[in-house]
Structure formats: structure tokens, C-alpha cells
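Oh and the sequence shown: position 86 is 141 in my numbering, straight run, nothing missing.
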Amino acid sequence: MAEILHCYVALNQADAEFIDGSGVLDPQLFGSRCHVPLDQSPEAAIERSLHDKTTTAVQAATDTTNWRLLKVTLSSEQVSRAFQSGYLHWSSGMKNLEWWGKLQLRSEGAPGLLLTTEWIQHPLNALGLSAWGNSILGAVSNDSGTCGGCQEKAVPVWQSGAEFAKEEYCAKCWNQFFMQCSKRSLHENTWDGASAQAVSSEGGA
Numbered sequence: 056m057a058e059i060l061h062c063y064v065a066l067n068q069a070d071a072e073f074i075d076g077s078g079v080l081d082p083q084l085f086g087s088r089c090h091v092p093l094d095q096s097p098e099a100a101i102e103r104s105l106h107d108k109t110t111t112a113v114q115a116a117t118d119t120t121n122w123r124l125l126k127v128t129l130s131s132e133q134v135s136r137a138f139q140s141g142y143l144h145w146s147s148g149m150k151n152l153e154w155w156g157k158l159q160l161r162s163e164g165a166p167g168l169l170l171t172t173e174w175i176q177h178p179l180n181a182l183g184l185s186a187w188g189n190s191i192l193g194a195v196s197n198d199s200g201t202c203g204g205c206q207e208k209a210v211p212v213w214q215s216g217a218e219f220a221k222e223e224y225c226a227k228c229w230n231q232f233f234m235q236c237s238k239r240s241l242h243e244n245t246w247d248g249a250s251a252q253a254v255s256s257e258g259g260a
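Printed below as a string of C-alpha cells:
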């Protein structure tokens with residue numbers, strides 16, 4: 056294990072401002088009840104955030120986007136203490152680290168675990184629709200198909216799920232669909248989920 060450990064979390068501007076203001080990075084922001092994902096390079100952190108359904112993540116296909124990297128630094132002693140106390144874990148496959156619990160930016164999450172954090176600006180050039188599709192949608196279902204949306208022919212297409220009759224669409228149409236469904240920030244998604252759960256609970260009462 057390195058003497059000093061640097062980890063990164065990539066966020067868009069809206070989420071970064073929200074977290075910096077609160078001083079807490081909550082696992083619920085990432086749809087997890089347990090942990091905050093910590094990547095060991097800025098590139099890996101941004102790649103992870105591109106899979107979030109935020110407007111910034113979807114815009115990355117066609118526009119230059121600006122990301123805020125939360126850099127978390129732990130000394131060798133803190134790394135050892137965090138593992139022993141159960142805060143720090145390796146992910147499945149040991150691809151990245153996980154911080155189990157709320158990550159405190161300016162106070163001790165546990166005795167001896169006052170972490171050093173800083174924000175770094177990181178612009179990202181447009182990926183291009185094809186690269187975005189390969190990264191976000193996975194393998195194409197047809198390298199030279201007809202898009203069920205714009206009807207463009209001889210283009211790479213990706214198949215939709217059964218709820219959309221497994222129709223095939225090009226990267227541009229998928230990107231437009233994702234944009235319609237996207238939210239400005241992850242914490243807006245969290246609020247919506249909490250509201251929906253509350254409504255469901257009230258309805259079942």
C-alpha cells in the first residue's frame with residue numbers, strides 16, 4: 056500500500072456545490088445505502104460519473120463539460136485505521152476503493168479520520184456520439200442497422216429493452232432520449248427517490 060493514498064470522486068458543478076456546502080458526501084447520492092465509491096485516478100472517477108443520468112453526463116457526448124474532482128488524501132496511518140475500523144474496503148474485483156458511511160469533508164468521521172480533501176477543476180472534451188454510445192450503452196446490437204427513431208440507415212444501433220419492443224436506435228437518438236430523462240444533479244435524483252418512497256409509504260398506510 057502506498058505511503059499516501061489519493062482517491063477521487065467526480066461530480067458536476069451542481070453536486071459539488073451542494074456537497075461542499077453541506078460538508079458531507081452521502082452514499083445515497085450514488086444510489087447506495089452503504090458506501091461512497093473512491094477511484095484511484097481522475098480518469099476513472101470521471102468515467103464512472105459518465106454513467107450517471109445527469110445532464111452533464113449526457114452532454115459529454117457532444118459538448119465540452121466541466122467536472123469537479125473531490126480529491127481525498129489519506130496518510131498511511133489513516134489508511135490502516137480506516138480499513139481496521141471498517142470504513143475503507145476494496146470493491147468487488149478490487150477495481151476501486153469504497154468508503155462505507157458518510158464521508159465527512161471537514162470533520163472527523165471517526166477518531167483519527169479527519170481526511171484531507173480538495174476540489175480540482177477538470178474540463179472534459181466532447182467524447183463524440185460513437186464513443187459515448189460504446190461506453191454508456193455497451194456493445195452495439197448491429198454495426199449497420201436502421202435507427203427506429205430518425206430512420207437513418209447503415210449506422211451502428213443499440214437495442215432497447217422489452218418495454219420498447221426491443222427496437223434499435225442510433226447513438227444520437229439514444230443521447231436525446233437520455234437527455235429528456237436526465238436530471239441537473241445527483242442530489243435531485245436522490246430527493247425524487249425519497250419523495251417517491253414517502254408517497255408510496257403514505258399510500259400503503
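Think of the CB as a built atom: it goes at the ideal place given N, C-alpha and C, for glycine as much as any other residue.
Since this is a predicted model, take the numbers as computed values, not measurements.
- The C-alpha of residue 132 lies about 23 Å from the C-alpha of residue 97.
- The shortest CA-to-CA distance from residue 178 to any of 151, 107 and 114 is the one to 114.
- At least 9 Å separates the beta-carbon of residue 103 from that of residue 70.
- With respect to the 9 Å criterion, residue 120 and residue 181 are classified as neighbours on the basis of their beta carbons.
- Note on geometry: alpha-carbon atoms of residue 194 and residue 186 lie some 11 Å from one another.
- Bridge pairing for residue 123: 66 and 176 [DSSP].
- Taking residue 108 as the centre and dropping the five residues before and after it, the same chain places the C-beta of 233, 236, 237, 238 and 244 closer than 8 Å to its C-beta, in chain order.
- Taking residue 231 as reference, the option from 155, 204, 157 and 84 with the minimal CA-CA separation is 204.
- Per DSSP, the continuous beta strand (DSSP E) segment holding residue 200 begins and ends at 197 to 200.
- Note on geometry: alpha-carbon atoms of residue 128 and residue 200 lie some 48 Å from one another.
- Look at residue 80 here: in three-state DSSP terms it is strand.
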